[in-house]
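Comments concern the structure below.
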């Protein structure tokens with residue numbers, strides 16, 4: 001076994017520097033690496049570029065890093081639900097690149113697959129296409145235009161899984177899999193925080209979502225609030 | 001004139017047995033409430049679910065189980081979970097049979113604008129651009145006339161586009177329209193109590209009316 005375990009968030013994130021590009025897993029507040037985000041706030045690293053589907057809410061998720069003005073640029077598909085984000089964006093303090101969600105996921109996936117660029121029809125004829133190569137491609141008998149999109153390059157990918165073993169194998173729970181899985185494969189260095197850290201051999205190899213080869217460091221998170229963004233329920 | 005539930009109810013008639021369906025936020029979400037008994041469909045949510053069920057009972061909500069609107073939901077029997085890249089794989093590869101989404105404007109050639117109002121806060125396109133670029137069958141649920149009384153069925157969209165030449169059908173408070181080859185909103189049905197005259201007044205783009213247009217049954 002190759003041991004990927006580090007003691008805590010502090011040790012896992014110790015070489016993240018100001019100005020770096022980070023992928024941060026999650027969809028809304030679902031499956032976000034809470035312990036790592038808290039550690040980034042503590043470290044105070046600045047001018048970060050964050051690739052993440054969303055930007056959290058005012059007082060949770062990446063919203064915490066916006067409050068402390070540690071983020072220089074956000075690359076996301078949807079950034080509503082956050083007043084501080086809006087203020088910084090409109091005042092020009094924060095740079096924002098909006099990317100169609102499927103393109104965002106695939107730019108992560110392709111980084112993990114080692115493929116530098118790919119064609120996608122999303123955004124053809126819209127302002128997303130500005131400055132990008134457009135190619136006419138025949139595929140499955142249909143000719144249409146595609147944008148050429150690039151795989152992301154990031155210094156670190158920070159993901160959250162449900163269970164992980166000491167070799168870095170990961171299992172996600174329910175829809176918290178979301179962007180965590182493609183991002184886990186995509187970081188130059190991938191850091192995984194998990195709710196449960198188990199011995200090797202305890203996870204069924206058939207159930208592994210992310211093989212340990214993609215994970216450089218793994219630690220057990222000490223606290224999970226797992227906040228719900230939209231609590232929708234019906235009465236019994 | 002149809003209210004939001006009326007629009008959703010009419011769109012539910014377009015949902016056929018065996019379809020995989022993606023429902024956008026807003027009126028489209030309501031469509032799930034009106035799918036007739038005996039019609040088996042699977043709802044896709046682009047954050048990574050096939051087989052999405054209703055909201056959970058109070059106390060049974062799970063922070064790890066949400067839909068693309070970030071609402072807590074449940075899974076139906078036979079549901080599956082996957083990652084975001086896989087989710088858009090099934091969208092791009094046209095495995096999803098029907099996409100229902102809202103719009104701010106639709107043009108007579110099927111262009112749609114629904115993600116950005118310049119000068120206002122821009123929240124992002126989410127998955128809408130991927131959906132409209134690939135889906136074979138897109139139905140738009142929208143209000144035909146804005147608060148200022150202006151039509152949102154236009155010769156050309158004024159707002160930044162989400163996708164080009166992609167909308168197939170539109171259901172509004174006033175009627176059902178099909179986008180025809182070469183451009184134009186062909187009126188298929190009128191909402192209960194709505195006259196062709198009212199529809200003409202509420203459509204800025206090219207309106208095509210052939211013969212007697214029936215009133216919808218919902």
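Residue numbers (our numbering), protein chains in the order written: chain A, 1 to 236; chain B, 1 to 218.
All C-beta atoms in this analysis are idealised placements derived from N, C-alpha and C, irrespective of residue type, glycine included.
| Check | Outcome |
| --- | --- |
| Same chain only: Cβ atoms within 6 angstroms of residue 214(A), ignoring 5 sequence neighbours per side | 184, 185, 190 |
| Strand pairing of residue 22(B), partner residues [DSSP] | 44(B), 99(B) |
| Per DSSP, cross-strand counterpart(s) of residue 146(A) | 135(A) |
| Residues in the segment 168 to 180 of chain B having any Cβ partner in chain A nearer than 7 angstroms | none |
| Collapsed DSSP secondary structure at residue 198(A) in the structure displayed | strand |
| Where the beta strand (DSSP E) through residue 171(B) begins and ends | 169 to 171 |
| Close Cβ partners of residue 167(B) (< 6 angstroms) along its chain, the five nearest in sequence each way excluded | 106, 110, 112, 138, 140, 179 |
| Cα-Cα separation between residue 56(B) and residue 229(A), rounded to whole angstroms | 15 angstroms |
| Chain-order list of residues whose beta-carbon lies under 6 angstroms from that of residue 42(B) (same chain, five-residue window excluded) | 20, 50, 51 |
| Residue(s) in a DSSP beta bridge with residue 30(A) | 27(A) |
| Euclidean distance between Cα positions of residue 177(A) and residue 52(A) | 14 angstroms |
| Cβ-Cβ distance between residue 117(B) and residue 142(B) below 8 angstroms | no |
| Nearest-angstrom Cα separation, counted from residue 114(B) out to residue 126(A) | 12 angstroms |
| Buried or exposed (CB count within 10 angstroms, at least 16 for buried), residue 36(B) | exposed |
| Buried or exposed (CB count within 10 angstroms, at least 16 for buried), residue 99(B) | buried |
| Strand pairing of residue 52(B), partner residues [DSSP] | 75(B) |
| Inter-residue spacing [alpha-carbon to alpha-carbon] between residue 132(A) and residue 211(B) | 46 angstroms |
| Exposure of residue 181(B), with buried meaning 16 or more beta-carbon neighbours within 10 Å | exposed |
| Under 8 angstroms by beta carbon: chain A residues contacting residue 72(B) | 228, 230, 231, 232, 233 |
| Residues of its chain near residue 125(B), where Cβ-Cβ distance is below 7 angstroms and the 5 sequence neighbours each way are ignored | 115, 162 |
| Simplified DSSP state of residue 194(B), which is helix, strand or coil | coil |
| Exposure label - residue 64(B); buried when at least 16 CB within 10 Å | buried |
| Min CB distance residue 76(B) to chain E below 8 angstroms | Reference to chain E is not applicable here, since the protein chains of this structure are A and B. |
| Short Cβ contact (8 angstroms threshold) for residue 129(A) with residue 129(B) | no |
| Helix, strand or coil at residue 108(A) [DSSP, three-state] | helix |
| C-alpha gap between residue 151(A) and residue 2(B), whole angstroms | 45 angstroms |
| Residue 200(B) beta carbon less than 8 angstroms from that of residue 207(B) | yes |
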